[in-house]
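Protein chains in written order, with the working numbering: chain A, 84 to 227; chain B, 6 to 270; chain C, 74 to 439.
Written as structure tokens, this is what we have:
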């Protein structure tokens, strides 16, 4: 760059403009992520619910469905009492099965056992199954 | 005082942690030192996937791992060495799904009549993570010709390779901080379902379900690919920011020189 | 712009700011041969501000409770928009700060800028260095990963080597016999409030010392003469020097930009560089990972303790070294500042750097 030809005052002027421009772009590039980070996202109460016809879940039996992208199960433990849980075993991720004769869930991978409310009864699972709120509305069950 | 305190703070040095592992079971303490047949299982077990996951002697054989006197007491649940016909039940106490499919299979129906059980192919103490290499000419031709074994192997090999590749990709994502627990869980579940399916040794059954498995694997693959795309996008923006900063630095230096030159005039 | 002049007039009438700005910016002259190493102070201030801002942002979503800490960090990394960016900036930022601190300290040592009348600047700087390492240590417990838990266990264990009161000190540091809830509580309080407050005060003191005594002249050139106040206080002037603003601030800006470029380079292209695999697994008090090691800036201390068969001796050597460093201005009292004429010092300096670097590398591979 032949700096000798361009007088320093002009160089200074243009460089300052360009540097300020870059500074502004960088400031905007920094502000955008911070704004997104702080802006409120969808709250817990605003996430989708799943509605299932009541007769899909016979007494003492389960119904498997997808809940917010993951496998889930709802059981009619006693007449009118429904319990919804995640169907993903907390050990390594296999899908649990309901054993009506034993009244408990069993994981086919390493025989982890869970009660009807999701607590661990035996085997390797480290945590109980997460449960979801269930409400009964006429002929349907609403989960979530 | 502040100086001494800060020196102390600075001296956050680490000593070799030493042996902070859980205490050895009495089983290992006794059998580990014995020669020949009685000591062999320990060395074999130490190389196994069971050992790597904290499954020890008492997990399968029962007994009390903390008390020498009652270590092998039936009252404390000690089972000892299972007879051949009892092996599937023995392993099936944990590997429930596999036992179910095995018992319904041709292999399972030949149990006690010269047919294979778990230990035949998987070994008993040096059990490794299952791979299609367990299906090979040396082992399968002990009882019959390799033809049908080869057929079923071809049927599982491709899906198994997809599973292994996915495991690598997910591991790479995990290494950069992505929450892969759910995907790894899904993959694990699929892998287990697929491996247990093999135990039915029914080629048609395997073939008919392969497409379904591969589709589910494909879903995980797509999910992973979407994350990889997002990571690539981040790198692009990052590269741009780095370039802008370097450019800014250079401009600042030129500006510095301009000021010096101006002053010298 | 007329309104700018109006605002300046209004403030100048009430606070005399024009004069203040002149004295500290345009009429504040620096030595003409001032070099790039003098920019590291501004770089450090920028990086600390970044840590402070990213730290506050992380505080919004982080939960300081062992049952939820790891999960909250995972949520920040995966669910909160740009959470990954804020977290990586904070983690990588802390490592770049340690690098800049080391460079800053090494350049001050080389140019003997700690010579009178700047002993207080050196002392406050030494404390700042230790405090920064303390911030790093308390900070990396917070994610409650395997690395967090076990590195803290071993680090607090080392205090047990102190004769007589060792065990009490360990209990005091941890809040109990083992690392647990109470440890997280006190480390969190220290990292988020206690240490930053102290850091702020010390930085204020450090900057005040720098400005009050005046910037030192780089000790290079055969005609260099050491300056010191004779009998009473004098601010070191540099007549004929270059104005701080805008001449030197443009240089500050350039180096700051280059450091930020390096920071972002690591954040976007090698974020795993300062996060070993153990930092990605949740803490398990019953399983010690096989090759647990401290962060790279503590490896020298780790390896030194391993070399000395006697723990007290190992600890003592390090305390000795640190004390020597802190008291250096009172030990190395000669007026000669030019490195070319301090062969003994330069030899020890080079050997010292090589030794510490070598021990650190050894610590990494052992």
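For glycine and all other residues, C-beta sits at the position ideal for the given N, C-alpha and C.
| Asked | Found |
| --- | --- |
| Distance between beta carbons of residue 249/B and residue 109/A, contact taken as under 8 Å | 6 Å |
| Validate contact between the segment 212-226 of chain A and the segment 164-179 of chain A using beta carbons, cut 8 Å, 3 pairs | yes |
| Assigned exposure category for residue 78/B - 16 Cβ within 10 Å defines buried | exposed |
| Nonlocal neighbours in the same chain, by C-beta distance under 6 Å from residue 17/C, ignoring five residues either side | Residue 17/C is absent from the model: chain C starts at 74 and stops at 439. |
| Bridge partners - residue 27/A, DSSP secondary structure assignment | Since the displayed chain A opens at 84 and closes at 227, residue 27/A lies outside it and no answer follows. |
| Close-in-space but distant-in-sequence residues of the same chain around residue 91/B (CB under 6 Å, 5 per side omitted) | none |
| Residue 101/B beta carbon less than 8 Å from that of residue 191/A | yes |
| C-alpha distance - residue 112/B paired with residue 247/C, whole-angstrom precision | 58 Å |
| Sequence-distant residues of the same chain with beta carbon closer than 8 Å to residue 86/C, five excluded per side | none |
| Distance, residue 199/A Cα to residue 180/A Cα | 11 Å |
| Distance between residue 197/B and residue 172/B (C-alpha atoms, nearest Å) | 13 Å |
| Other residues of its chain near residue 124/C: CB distance less than 6 Å, five sequence neighbours each side excluded | 166 |
| In chain order, each alpha helix (DSSP H) run of at least 4 residues that lies wholly inside the segment 299-330 of chain C | none |
| Beta-ladder partner(s) of residue 226/A, from DSSP | 133/A and 217/A |
| Residue-level contact to chain B via CB, residue 112/A, 8 Å cutoff | yes |
| Coarse secondary structure for residue 422/C, derived from DSSP in three states | helix |
| As assigned by DSSP and simplified to three states, the class of residue 93/A | helix |
| Residues bridged to residue 196/A [DSSP beta-bridge criterion] | 189/A and 205/A |
| Segment limits, beta strand (DSSP E) that includes residue 182/A | 180-182 |
| Contact list for residue 168/A against chain B, beta-carbon separation under 8 Å | Within 8 Å Cβ-Cβ: nothing; residue 168/A doesn't reach chain B, min ~15 Å. |
| Contact set between the segment 176-206 of chain A and chain B, restricted to residues whose Cβ is under 7 Å from the partner | 176, 177, 178, 189, 191, 192, 193 and 194 |
| Any chain B beta carbon closer than 8 Å to residue 324/C | yes |
| Rounded straight-line distance, which links the Cα of residue 186/B to that of residue 223/B | 17 Å |
| Closest residue to residue 253/B among 222/A, 105/A and 111/A (Cα-Cα distance) | 105/A |
| Per-residue burial, residue 107/B [other beta carbons within 10 Å of its own, 16 or more giving buried] | buried |
| Where residue 92/A meets chain B, residues with beta-carbon distance less than 7 Å | 267 |
| Three-way DSSP call (helix, strand, coil) for residue 214/C in this model | coil |
| Environment of residue 124/A [buried if 16+ CB atoms lie within 10 Å] | exposed |
| Within chain A, partners of residue 155/C - CB distance below 8 Å | 116, 117, 119 and 120 |
| Whole runs of the beta strand (DSSP E) within the segment 215-266 of chain B, excluding any shorter than 3 residues | none |
| Interface flag, residue 345/C vs chain B, CB-CB below 8 Å | yes |
| Alpha-carbon to alpha-carbon, residue 264/B and residue 255/B | 14 Å |
| Residue 105/A at chain B interface by Cβ criterion, 8 Å | yes |
| Distance between residue 420/C and residue 89/C (C-alpha atoms, nearest Å) | 50 Å |
| Closer than 8 Å to chain C by CB, residue 180/B | yes |
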